[in-house]
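This report concerns only the one structure given below.
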Amino acid sequence: MNIFNTGINDLTYYGDFYFDYGLQYKYLFANNTKFTIGLNRAMAADINAKRDITWYNFKTTAFGETVKDTVYFEEGVKGSSTIPMYWNAGFTIEKGKWMFGADYGIQDWSNYKSFGVKSQSLSNSYHVAAGAGYKPKMRAQYRAGINYSKTYLDLRNTDINNYSFSVGAGLPIRLTQSESAETKT
Numbered sequence: 780m781n782i783f784n785t786g787i788n789d790l791t792y793y794g795d796f797y798f799d800y801g802l803q804y805k806y807l808f809a810n811n812t813k814f815t816i817g818l819n820r821a822m823a824a825d826i827n828a829k830r831d832i833t834w835y836n837f838k839t840t841a842f843g844e845t846v847k848d849t850v851y852f853e854e855g856v857k858g859s860s861t862i863p864m865y866w867n868a869g870f871t872i873e874k875g876k877w878m879f880g881a882d883y884g885i886q887d888w889s890n891y892k893s894f895g896v897k898s899q900s901l902s903n904s905y906h907v908a909a910g911a912g913y914k915p916k917m918r919a920q921y922r923a924g925i926n927y928s929k930t931y932l933d934l935r936n937t938d939i940n941n942y943s944f945s946v947g948a949g950l951p952i953r954l955t956q957s958e959s960a961e962t963k964t
């Protein structure tokens with residue numbers, strides 16, 4: 780008895796220009812505290828795309844898949860995908876050896892379309908991040924941060940979320956005299 784499975788390859792290639800823009804403002808308070816705020820945004824945009832679609836029947840063997848026949852094939856189908864609007868806002872405060880920053884962003888994935896079809900499994904996403912840094916008298920730097928993201932994936936009415944925590948250290952490396960001289964020129 781020959782039983783065949785059906786496989787689908789649907790490859791999409793994107794090629795276009797996509798623009799975003801941002802603003803940043805820095806302010807130095809009288810007590811030497813530095814404050815920086817930034818905004819970043821992109822409007823929704825349609826970008827050019829091409830698709831190659833193949834449906835095929837195959838049988839699984841000990842050596843992998845053996846293709847029986849091609850059911851459907853279409854190459855170079857032209858269309859577009861709508862990349863949804865997004866924006867981000869963040870700030871940092873630096874005082875002496877300490878620095879603190881936070882960032883928030885949102886993207887409207889519920890309006891995503893590919894080749895005119897609106898996705899049913901995407902939802903709006905957002906992220907929140909915060910971090911702090913300490914720079915003692917030596918040139919070493921120590922940093923830590925946390926991040927929470929509600930991703931754009933919505934699987935069976937369940938949000939896919941991402942949580943992370945990071946720590947790091949930047950340690951100075953002493954240069955030889957010749958490397959130091961090259962750096963100065």
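Quick note: the sequence shown, position 9, residue 788 per my numbering, numbers continuous. Using N, Cα and C, we set each Cβ at its ideal position, and we do this for glycine too.
The residue among 939, 944, 848 and 835 with its C-alpha nearest the C-alpha of residue 789 is 835. Within 10 angstroms of the beta-carbon of residue 862 lie 16 or more other beta-carbons, which makes it buried.
For a cut-off of 8 Å, the C-beta gap from residue 819 to residue 890 is around 19 Å, too long to register as a contact. Collapsing the DSSP output to three states places residue 889 in a helix. Rounded to the nearest angstrom, the Cβ distance from residue 874 to residue 815 is 12 Å, too far for a contact under 8 Å.
By alpha-carbon distance to residue 872, the top candidate from 945, 799 and 810 is 810. Closest by C-alpha distance to residue 794, out of 860, 870, 888 and 908, is 860. Within the same chain, Cβ atoms closer than 6 Å to the Cβ of residue 848 are found at 836, the five residues on either side in sequence being excluded.
For the segment 820-866, not one full-length alpha helix (DSSP H) segment reaches 4 residues or more. By the Cβ neighbour-count rule, residue 888 is buried, with 16 or more other Cβ atoms within 10 Å of its own.
Under the DSSP assignment, residue 787 falls in the beta strand (DSSP E) whose first and last residues are 784-793. Cβ neighbours of residue 904 within its own chain (closer than 6 Å, five residues either side excluded): 886, 888, 929, 930 and 931.
When the alpha-carbon of residue 881 is set against those of 897, 924 and 831, the nearest one is in 924.
Annotation: the continuous beta strand (DSSP E) that includes residue 904 extends over 904-913.
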